[in-house]
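A.B. asks: Going by our numbering, the residue at position 336 of the sequence shown is 344; the numbering climbs one at a time, nothing skipped.
All residues carry an ideal CB built from backbone N, CA and C; glycine is no exception.
The structure presented is a predicted model; accordingly, all values stated were derived computationally and were not measured.
Handing you a structure now.
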Amino acid sequence: MKFTFVWIPVVFLVVFEAPGVRAQNAPAKEPAKLADLLTEAERDNPQIRAARHAWESTKQVPTQLATLPDPQVVLQQVNVGSPRPFAGYTNSDFAYFGVGFSQDIPYPGKLRLRGEIAEKDADATQQKVESVRRAVLAAVKMTYFQLGYLAERQKILAEDGQLLQQVEQAAEARYRSGMGNQQDVLQAQLERTKLLREITSNQLESEKVQAELKNLLNRSQSSADIVAAELSESSPAYNFDQLLAEAKANNPDLAGMQKMVERQGLQVNLAKKDFYPDFNVQGMWQRTDPARYRAYYQFTVGMRIPIYRSRRQRPELAQAESDRDRAKSEYDMQSQQTAFQLRRQFLSAEKTAELLKIYREGLIPQARAELQAGMVAYQSNRQDFQALLASFLDVLKLDEAYWQTLSDHETALAQMEEVTGVTLR
9 MKFTFVWIPV VFLVVFEAPG VRAQNAPAKE PAKLADLLTE AERDNPQIRA
59 ARHAWESTKQ VPTQLATLPD PQVVLQQVNV GSPRPFAGYT NSDFAYFGVG
109 FSQDIPYPGK LRLRGEIAEK DADATQQKVE SVRRAVLAAV KMTYFQLGYL
159 AERQKILAED GQLLQQVEQA AEARYRSGMG NQQDVLQAQL ERTKLLREIT
209 SNQLESEKVQ AELKNLLNRS QSSADIVAAE LSESSPAYNF DQLLAEAKAN
259 NPDLAGMQKM VERQGLQVNL AKKDFYPDFN VQGMWQRTDP ARYRAYYQFT
309 VGMRIPIYRS RRQRPELAQA ESDRDRAKSE YDMQSQQTAF QLRRQFLSAE
359 KTAELLKIYR EGLIPQARAE LQAGMVAYQS NRQDFQALLA SFLDVLKLDE
409 AYWQTLSDHE TALAQMEEVT GVTLR
């Protein structure tokens with residue numbers, strides 16, 4: 009009897025189950041609507057609340073500064089010959105008591121100007137509230153879009169893990185048939201391990217973004233995680249000139265700068281008023297012995313004369329004029345910065361929209377077709393493993409790049425909404 013021994017190579021495969029793959033079979037949590045999160049942030053964000061309280065505080069200042077200083081009331085009692093208070097008229101012919109008042113009166117127009125300056129400060133603070141509100145809402149949008157991108161990337165990594173498993177099985181089949189080598193199988197396993205690393209890193213980044221979003225919403229960090237809806241491309245119906253016009257009309261930073269220009273102009277007028285004197289009015293009623301003398305009445309008008317003009321009033325005026333010119337320059341700078349930011353984000357939104365079309369209609373379908381063709385060619389021993397692996401990595405990178413570009417596109421729109429106040433989606 010003749011025995012024939014056939015040696016069959018055995019490869020032990022270590023299969024890694026990616027975290028989150030099983031979780032996909034669990035019931036999906038309802039995605040949070042972005043509009044609801046924005047409403048929550050506007051209501052609960054402490055930074056917005058603090059800005060509103062600051063505005064409420066500054067609104068109380070104008071009436072304080074536009075009101076006359078509090079008057080002073082004076083009580084007098086004079087004795088001659090005795091230190092005892094209220095010794096009486098019998099102690100001295102010169103004993104008397106009196107009641108008087110004193111009122112400081114600034115030069116006409118000063119109080120009004122001080123009140124108007126405080127009103128401009130309050131108006132600028134109000135614009136600061138809007139600026140903070142827009143910044144927080146834009147941060148919520150961008151964090152939400154980043155969370156959506158990371159969720160899509162997690163799906164891509166899980167799906168491509170299954171695709172890589174097919175590549176690994178093809179390498180194993182070739183190795184078993186004697187047409188391949190063990191190195192191809194081991195390299196496929198290495199790529200699956202790298203994919204596991206990417207999934208873990210993606211989960212870590214997602215948790216960081218979750219923490220940031222909860223912080224913006226003023227939620228407890230131990231609260232349930234937020235699920236973002238699937239990203240979709242928005243197409244704004246505005247050109248750059250329209251958006252720039254909206255920014256110039258509605259941007260709170262620009263409006264706040266304009267209020268400061270107006271404030272400094274009023275400050276110049278107030279400095280000019282300081283060249284004129286302020287007044288003080290006093291009145292006094294005095295009573296001596298009513299049986300012998302009639303009451304005394306005194307009325308006094310005083311003036312505080314600015315005689316040190318070269319050392320006080322002129323430097324004050326020069327300072328106010330310099331501050332006014334500085335405010336104008338800062339407004340021009342802010343105007344240019346606003347236009348620059350808007351232009352940059354507009355170009356980003358425009359070009360990312362073009363890239364998304366290229367990904368959808370060209371790169372991704374072509375890469376997947378190449379991978380499928382490469383798989384067939386590899387299985388029939390017409391292509392080596394390195395070319396097949398390169399095709400798989402192209403698919404993985406292009407899928408990730410598509411969703412990252414979509415997130416960048418929506419982020420650019422969110423930043424334009426912050427600058428213009430216009431809803432673009």
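For S243, which residues of its own chain have a beta-carbon under 6 angstroms away from its beta-carbon, when the five flanking residues on both sides are left out?
C.D. replies: Counting only Cβ-Cβ distances below 6 angstroms, and skipping sequence neighbours, we find nothing.
A.B. asks: Across which residues does DSSP place M292 in a beta bridge pair?
C.D. replies: In DSSP, M292 forms a bridge with G108 and Q306.
A.B. asks: Could you check whether the stretch 354 to 366 touches the stretch 418 to 425, counting it as contact only if at least three pairs of C-beta atoms, one from each stretch, sit closer than 8 angstroms?
C.D. replies: Segments in contact, yes.
A.B. asks: Rounded to whole angstroms, what is the Cα-Cα separation between E160 and W411?
C.D. replies: If I take the Cα positions, the gap works out to 7 angstroms.
A.B. asks: What would DSSP say about R122, mapped onto helix, strand or coil?
C.D. replies: Residue state, collapsed to three classes: helix.
A.B. asks: Tell me the residue span of the beta strand (DSSP E) that contains L432.
C.D. replies: Here L432 belongs to no beta strand (DSSP E), and DSSP marks it neither H nor E.
A.B. asks: Could you give the distance in angstroms between the alpha-carbon of I125 and the alpha-carbon of Q423?
C.D. replies: Taking the straight line joining both Cα atoms gives about 32 angstroms.
A.B. asks: Could you tell me the alpha carbon to alpha carbon distance between L363 and K37, rounded to whole angstroms?
C.D. replies: Approximately 31 angstroms, taken between the alpha carbons.
A.B. asks: Cutting at 6 angstroms between CB atoms, please list the residues of its own chain near K10, excluding the five before and the five after it.
C.D. replies: Low confidence applies to K10: its pLDDT is 40, below 50, so where it sits in the model is not reliable, and the reading given next is rough at best. The answer is none, since no qualifying residue turns up.
A.B. asks: Candidates Q195, I315, Q229 and A361: which alpha carbon is nearest T413's?
C.D. replies: With distances taken between Cα atoms, T413 lies closest to A361.
A.B. asks: Just to check my reading of the structure: V289 and Q111 have Cβ atoms closer than 8 angstroms, yes? What is that Cβ distance to the nearest angstrom?
C.D. replies: So it is a contact: roughly 5 angstroms between Cβ atoms.
A.B. asks: I need the DSSP call for Q229, collapsed to helix, strand or coil.
C.D. replies: Note: Q229 maps to coil in three-state DSSP.
A.B. asks: Between which two residues does the alpha helix (DSSP H) carrying Q84 extend?
C.D. replies: Per DSSP, Q84 belongs to no alpha helix (DSSP H); it is in the beta strand (DSSP E), Q80 to V86.
A.B. asks: I want to know whether the stretch 166 to 177 touches the stretch 219 to 239 - three or more CB-CB distances under 8 angstroms.
C.D. replies: The answer is no - the stretch 219 to 239 does not touch the stretch 166 to 177, with fewer than three Cβ pairs under 8 angstroms.
A.B. asks: Relative to the C-alpha of E167, which candidate in E408, T428 and L73 has its C-alpha closest?
C.D. replies: Out of E408, T428 and L73, E408 has the C-alpha closest to the C-alpha of E167.
A.B. asks: Quick check for students: name the residue ranges of the alpha helix (DSSP H) that lie wholly in the stretch 260 to 290, counting only runs of 4 or more.
C.D. replies: List check, alpha helix (DSSP H) in window: 260 to 281.
A.B. asks: Does DSSP put I113 in a helix, in a strand, or in coil?
C.D. replies: Here I113 sits in strand by DSSP.
A.B. asks: Counting only the same chain and skipping the five closest in sequence on each side, list residues whose C-beta sits under 8 angstroms from that of N266.
C.D. replies: First, the amino acid is wrong: residue 266 is Gln here, not Asn. Result list for Q266: Y339, in chain order.
A.B. asks: Shorter than 7 angstroms, the distance from the beta carbon of E213 to the closest heavy atom of the ligand SAM, or not?
C.D. replies: The model depicted lacks the ligand SAM and carries no ligand whatsoever.
A.B. asks: So, helix, strand or coil for A236, using DSSP?
C.D. replies: Looking at A236 - three-state DSSP - the assignment turns out to be strand.
A.B. asks: Three or more beta-carbon pairs under 8 angstroms between the stretch 328 to 336 and the stretch 255 to 271, yes or no?
C.D. replies: Short answer: they touch.
A.B. asks: Apart from the five residues just before and just after K336, which ones in its own chain have a Cβ nearer than 7 angstroms to its Cβ?
C.D. replies: Closer than 7 angstroms at the Cβ level, and outside the excluded window around K336, lie V269.
A.B. asks: Using only the alpha-carbon positions, how far apart do T296 and Y104 sit?
C.D. replies: About 4 angstroms.
A.B. asks: Just tell me which of K128, F287, L224 and I313 has its CA closest to the CA of V140.
C.D. replies: Ranking K128, F287, L224 and I313 by Cα distance to V140 puts L224 first.
A.B. asks: Rounding to the nearest angstrom, what Cα-Cα distance links N33 and R433 in this structure?
C.D. replies: Bear in mind that the predicted position of N33 carries a pLDDT of just 45, short of 50, making it too unreliable to give a figure here.
A.B. asks: Quick check on S214: buried or exposed, where buried means 16 or more other Cβ atoms within 10 Å of its Cβ?
C.D. replies: The residue is buried, with at least 16 neighbouring Cβ atoms inside 10 Å.
A.B. asks: Leaving out five residues on either side along the sequence, give the residues of the same chain with a beta carbon under 8 angstroms from the beta carbon of K149.
C.D. replies: Hits under 8 angstroms: L42, L46, E418, T419, A422 and E425.
A.B. asks: With distances taken Cα to Cα, identify the nearest neighbour of Q72 among L172, G123 and G382.
C.D. replies: Measuring from the Cα of Q72, the nearest candidate turns out to be G123.
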